[in-house]
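Chemist: In the UniProt record's numbering, the protein residues as written are 1 to 587. One structure coming up, written as structure tokens, with questions to follow.
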């Protein structure tokens, strides 16, 4: 029979931890709560960890993990005291003529008194001591965030999803639940705890990691920065970046030199691969863990293009080791970027298309990507949005904000034409069934004879004036800024990966004078057309959980789901091999 009675352990430590260490320990305790189904609370004034649960095995595992965690922070020993209900004290018979001693329960000094729930309430939730009440409540519940087309209020979302209701008591630093079943209140508490963890965690800033790959392991080499016109592998398609430079290898030993024995070559190759895998897995693990609570779209993909660098005057003519590149870029404030415009040449596109799985079925789509400024209230500021319109039926199917990059791993191929990149990005998904998008979707038309032509109307609305129709004003709610016509072919590379070849054509946008009508059409200039090649894995399907993620929840997928288990990271390594096989088709 399953034990439903709550059991409590207490861990006391006599070591003084810094505030940073305490925050780190509490963060690890939150992970233990999710992993073992227990509740862990650190009582600072008593230096006491209070662990509650109903399963002895899970409690013991949690206790052992906390032991190891505390030992890693301090050389002092920690002590655990299993806490059970104290038995009634047994007294010896009193002497004749003396009254029997009073039966008094002696409380344990480490015992934490349970907070009683006042009459009329169904539950209590006490805020984390690190959160200032009420100063930080708007930030905690997101009400101070301005997101276009969305009203953010995590507390309202939790009440709605858990079917509970409550009031915030500022003086008592707690939420008092006044409505809801017990299991729903407990669910709301878990969501609130996750909201607090999200708020208190360190912000993940954009990470750009430069790496190099050199297939010629017969020679020791160093890397240096070179101008594009001196780069033997640089393509003419991107020669307009006059201020940028590329990385080129410089041989210390020529390929035909016998100075490197076979064992040395293997050691060098292993060192390069080990360094690259360590840097990739480290930054991607942190980035993926960060987006497990992201509400919106998540994109993890690889692409082909060219790594470019600017502001390199201080390092021109100097040579570096491959593992010094990241520190050199940071030290000298070198600017780097990755150009995903693989080629302007249609023949390269056809060569890739015929190389990968020619016998397998292709998924071919045509659509317009429209960049616009939009708002749903005349008092709001314009926000930049990206709308996807299917050409087949001229229907608006998706609206989102601009992609926000979190991780960019730019991998320079020292002896190949193209470079590769592995990217992690997020963006907010915006409902397309609200204004002004519903009105805009009704004002789109395509030309059946001209595949890359689309007609549209910007969205204007008349604001009535109390002074009469003569004073009515026309306010713009949506205005098109640019239109790209895209043709995408998606095919399987293997059972795990797919690749997508995309032809992108920037259309000329023109508007009729004194109207809100516009037209997007091809210019006929080859310079307005380019091709991109991207690779993604089937685990991207897991990211669909983020789109419907509720406030206070965490997705089911893990970092291991996406990258493979450490230390091998088999899925990530296969991803890299797929990208390398793609660029070798250009040889």
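Glycine included, each C-beta is placed from N, C-alpha and C at the ideal position.
So what's residue 111 in DSSP terms, helix, strand or just coil?
Modeler: With a pLDDT of 48 at residue 111, under the threshold of 50, the modelled position of that residue is not reliable, and the figure given next carries that caveat. Correct three-state label for residue 111: coil.
Chemist: In angstroms, rounded to a whole number, what distance separates the CA positions of residue 29 and residue 386?
Modeler: When rounded, the distance between both Cα atoms is 40 angstroms.
Chemist: What residues match up with residue 494 in a beta bridge as DSSP calls it?
Modeler: BP columns for residue 494 are empty, so no partner.
Chemist: Quick check on the DSSP output: what are the complete beta strand (DSSP E) runs of length 3 or more inside the segment 21 to 77, in order along the chain?
Modeler: Taking only runs of at least 3 residues, the beta strand (DSSP E) segments lying wholly in the segment 21 to 77 are 39 to 43 and 48 to 53.
Chemist: Going by C-alpha to C-alpha distance, which of 400, 456, 449 and 573 sits closest to residue 430?
Modeler: Out of 400, 456, 449 and 573, 400 has the C-alpha closest to the C-alpha of residue 430.
Chemist: Write down the C-beta distance between residue 495 and residue 507 rounded to the nearest angstrom, noting that I regard them as a contact closer than 8 angstroms.
Modeler: Actually they are not in contact, since the Cβ atoms of residue 495 and residue 507 sit about 37 angstroms apart, beyond 8 angstroms.
Chemist: How far does the beta strand (DSSP E) with residue 199 in it extend, from its first residue to its last?
Modeler: It is not in any beta strand (DSSP E) - residue 199 instead sits in the alpha helix (DSSP H) that spans 182 to 200.
Chemist: I need the boundaries of the alpha helix (DSSP H) containing residue 563, first residue and last residue.
Modeler: From DSSP, the alpha helix (DSSP H) with residue 563 extends over 559 to 563.
Chemist: Enumerate, from N- to C-terminal direction, the unbroken beta strand (DSSP E) stretches of 3 or more residues contained entirely within the segment 481 to 529.
Modeler: Runs of the beta strand (DSSP E) inside the segment 481 to 529: 497 to 506, 508 to 511 and 517 to 521.
Chemist: As a quick exercise: from 36, 18, 41 and 37, pick the residue whose alpha carbon is nearest that of residue 26.
Modeler: The shortest C-alpha separation from residue 26 is found at 41.
Chemist: May I have a chain-ordered list of the beta strand (DSSP E) segments no shorter than 3 residues that lie completely inside the segment 364 to 439?
Modeler: If we require 3 residues or more, the beta strand (DSSP E) runs fully inside the segment 364 to 439 come out as 383 to 390, 395 to 400, 404 to 413 and 419 to 427.
Chemist: Could you tell me the distance, in whole angstroms, from the CA atom of residue 294 to the CA atom of residue 178?
Modeler: Near 30 angstroms, if we compare the C-alpha coordinates of residue 178 and residue 294.
Chemist: Do you know how far the Cα of residue 209 is from the Cα of residue 330?
Modeler: Computed Cα separation, rounded: 10 angstroms.
Chemist: Would you report the Cα separation of residue 463 and residue 380, rounded to the nearest angstrom?
Modeler: Answer to the nearest angstrom: the Cα atoms are 14 angstroms apart.
Chemist: Under three-state DSSP, which class holds residue 547?
Modeler: Correct three-state label for residue 547: helix.
Chemist: For residue 442, does the three-state DSSP call read helix, strand or coil?
Modeler: Three-state result, residue 442: coil.
Chemist: From the DSSP output, read off the bridge partner residues of residue 575.
Modeler: Note: residue 575 sits in no beta bridge, so no partner.
Chemist: Suppose you measure from the CA of residue 573 to the CA of residue 215; what does that come to, to the nearest Å?
Modeler: Those two C-alpha atoms are separated by around 16 angstroms.
Chemist: What do you get for residue 10, buried or exposed, if any count of 16 or more other CB atoms within 10 angstroms of its CB means buried?
Modeler: Looking at its Cβ environment, which holds 16 or more other Cβ atoms inside 10 Å, residue 10 is buried.
Chemist: Over what stretch of residues does the alpha helix (DSSP H) that includes residue 156 continue unbroken?
Modeler: Element bounds for residue 156: 154 to 162.
Chemist: Do residue 531 and residue 501 have their beta-carbon atoms positioned less than 8 angstroms apart in this structure?
Modeler: Yes, they are a contact pair.
Chemist: Straight-line CA distance for residue 81 to residue 22?
Modeler: Because residue 81 sits at a pLDDT of 46, beneath the cut-off of 50, its placement in the model cannot be relied upon, and the following sentence gives the value as read from the coordinates. Roughly 21 angstroms separates the two Cα atoms.
Chemist: Determine, using beta carbons only, whether residue 125 and residue 189 come nearer to each other than 8 angstroms.
Modeler: Yes, the Cβ-Cβ distance between residue 125 and residue 189 is below 8 angstroms.
Chemist: Please report how far the alpha carbon of residue 292 lies from the alpha carbon of residue 207, in whole angstroms.
Modeler: Going by the C-alpha atoms only, they are around 17 angstroms apart.
Chemist: By DSSP, does residue 539 sit in helix, in strand, or in coil?
Modeler: Residue 539 falls in the helix class under three-state DSSP.
Chemist: Less than 8 angstroms between the CB atoms is what I'm expecting for residue 419 and residue 306, so what's the real figure, rounded?
Modeler: Sure, about 5 angstroms apart at Cβ, within 8 angstroms.
Chemist: What residues in its chain sit with their C-beta under 8 angstroms from that of residue 182, if we drop five residues either side in the sequence?
Modeler: The answer, listed in chain order, is 122 and 123.
Chemist: DSSP puts residue 300 in a beta bridge; with which residues?
Modeler: Bridge partners of residue 300: 424.
Chemist: Going by DSSP, which residues form a beta bridge with residue 211?
Modeler: In the DSSP output, where bridge partners are listed per residue, residue 211 has 411.
Chemist: In the DSSP output, which residue or residues are listed as bridge partners for residue 460?
Modeler: According to DSSP, which records beta bridges pairwise, residue 460 is partnered with 476.
Chemist: Applying the criterion that 16 or more other CB atoms from any shown protein chain within 10 Å of the CB defines a buried residue, is residue 472 buried or exposed?
Modeler: Exposed, because fewer than 16 other Cβ atoms sit within 10 Å of the Cβ of residue 472.
Chemist: Find the nearest neighbour of residue 212 within the set 315, 414 and 569, judged by alpha-carbon distance.
Modeler: The shortest Cα separation from residue 212 among 315, 414 and 569 belongs to 414.
Chemist: Can you list, in chain order, the residues of its chain whose CB lies under 8 angstroms from that of residue 535, leaving out five sequence neighbours each side?
Modeler: So the qualifying residues of the chain are 301, 302, 303, 493, 497, 498, 499, 500, 575, 578, 579 and 582.
Chemist: Between residue 569 and the rest of its own chain, which residues show a CB-CB distance below 7 angstroms, the 5 nearest in sequence each way excluded?
Modeler: For residue 569, where only same-chain residues beyond five positions count, the Cβ hits under 7 angstroms are 277, 281 and 563.
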